[in-house]
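Report on the following structure.
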Amino acid sequence: TNAIRPLIAGNWKMNGLKASLAELDAMLAGASAVTAKADLLVCPPATLIMAFAERTRGARTLAIGAQDCHPKASGAHTGDLSAEMLADAGATAVIVGHSERRADHGETDALVRQKAEAAWRASLTAIVCIGETQQQRDQGKALEICGGQLAGSLPGRATAANLVVAYEPVWAIGTGLTPTVKDVEQVHRFIRDSLESRFNGEGGKIRILYGGSVKPSNAAELMAVPNVNGALVGGASLKAVDFLAIAAGC
Ligand code: PEP
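Here you go:
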C-alpha cells in the first residue's frame with residue numbers, strides 16, 4: 002500500500018497573519034519540485050483560507066484546507082464555521098477531531114463523526130485525527146484507543162477521495178518525541194486492517210498519515226514505514242523550507 006500517493010498536510014494551528022502570504026509564496030515556488038512525490042495541502046487559520054486559496058488558484062500543486070468545521074451548514078452558532086463556508090472560501094479539505102480540539106473543546110468521537118459527515122456534505126475531504134495519550138500508551142492501550150476512535154469518528158461511505166486518517170499520538174505532538182518506527186508500523190497496520198474490514202477494498206486505498214513532531218530530519222524514515230501514506234505536520238509546516246524538505250523525503 003506504499004503505492005498510494007502520499008499527502009503532506011500542514012496544520013498551521015493558531016499561527017499566521019497576512020504577512021504569511023510570503024511563506025505560502027515560497028511553498029508555491031518550491032511545490033512543483035516535490036509534486037512528483039506527494040500531494041501538498043496547507044491548512045492555515047480560517048482568517049487566511051480565502052487569501053491563500055486565491056493565491057494558489059490555478060497552481061494545482063498545493064491545496065488549501067481548514068482545521069475544523071461545525072456539523073451544521075448554517076444557523077445560530079456564534080463563532081463557528083460550516084464546511085460549506087470553508088468550501089466557499091476555497092478549502093478542499095478539513096481536519097476534524099484534532100487532539101487539541103478533542104482536549105480544548107471536549108470534542109467526542111460522535112461529534113467528530115458529524116463533522117466528517119459535514120465535510121462530505123460540502124464535498125470536502127475529511128482528515129480525521131486519532132491517537133492515544135502517553136498514559137494510554139503506557140497502559141498498553143494504544144491500539145484499543147485508536148480502534149475505538151476509528152469506530153466512533155469515521156462515518157460510513159468512506160472512500161480514498163473523501164477520507165484521510167491521521168494517526169497522531171498525543172504525546173508526540175509538539176514535543177519533539179516520535180514513536181519508534183516499529184510502533185508506527187504496528188499502529189498503521191492496525192488502522193489499515195480496521196479500514197479494510199469496514200470499507201472493504203476501498204479501505205486499502207485510504208491514506209493514513211502519521212503526525213507528531215515530523216521534521217525534515219525524521220521524515221524520510223517515517224514515510225518509508227509500511228502503511229504510512231504521508232504526514233500531518235504542525236510546527237515544521239510553518240516554514241516553506243522545512244515543509245518542502247519533508248515532502249521531498251517521501
Ligand atoms: C499536529 O498538531 O497535527 C502536529 C503533528 O504537530 P507537530 O508536527 O508540531 O508535532
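Numbering-wise (UniProt numbering), the sequence shown opens with residue 2 and increments by one.
By construction, the Cβ of each residue, glycine as well, lies at the ideal position given by its N, Cα and C atoms.
Since the model is a prediction, treat every value here as computed from it, not as a measurement.
Identify, in the order they occur along the chain, each residue of the same chain with its Cβ nearer than 6 Å to the Cβ of residue i, setting aside the five sequence neighbours on each side.
i: residue 4; result: none
i: residue 173; result: 179, 213, 214
i: residue 123; result: 84, 85, 88
Assuming residue i and residue j are in contact, meaning their beta carbons sit under 8 Å apart, how far apart are those beta carbons, in whole angstroms?
i: residue 62; j: residue 36; result: 5 Å
i: residue 96; j: residue 219; result: So it is not a contact: roughly 21 Å between Cβ atoms.
i: residue 51; j: residue 90; result: 4 Å
i: residue 167; j: residue 233; result: 4 Å
i: residue 84; j: residue 119; result: 4 Å
i: residue 148; j: residue 114; result: Going by Cβ atoms, the distance from residue 148 to residue 114 rounds to 15 Å, so no, they are not a contact pair.
i: residue 128; j: residue 10; result: 6 Å
Straight-line CA distance for residue i to residue j?
i: residue 206; j: residue 162; result: 9 Å
i: residue 64; j: residue 93; result: 7 Å
i: residue 199; j: residue 151; result: 10 Å
i: residue 2; j: residue 8; result: Low confidence applies to residue 2: its pLDDT is 42, below 50, so where it sits in the model is not reliable, and the reading given next is rough at best. Rounded to the nearest angstrom, the two C-alpha atoms are 14 Å apart.
i: residue 138; j: residue 175; result: 17 Å
i: residue 32; j: residue 73; result: 34 Å
i: residue 103; j: residue 197; result: 26 Å
i: residue 249; j: residue 76; result: 43 Å
i: residue 68; j: residue 157; result: 22 Å
i: residue 155; j: residue 130; result: 10 Å
i: residue 247; j: residue 225; result: 12 Å
i: residue 79; j: residue 48; result: 16 Å
i: residue 251; j: residue 222; result: 9 Å
i: residue 106; j: residue 134; result: 16 Å
For a test of your reading of the model: does the CB of residue i fall under 6 Å from any non-hydrogen atom of ligand 1? Yes or no.
i: residue 65; result: no
i: residue 83; result: no
i: residue 98; result: no
i: residue 128; result: no
i: residue 234; result: yes
i: residue 154; result: no
i: residue 230; result: no
i: residue 16; result: no
i: residue 12; result: yes
i: residue 214; result: yes
i: residue 175; result: yes
Excluding five sequence neighbours on each side, which residues of the same chain lie with their C-beta closer than 8 Å to the C-beta of residue i?
i: residue 28; result: 41, 43, 63, 241, 244, 245
i: residue 228; result: 2, 3, 186, 189, 190, 192, 193, 209
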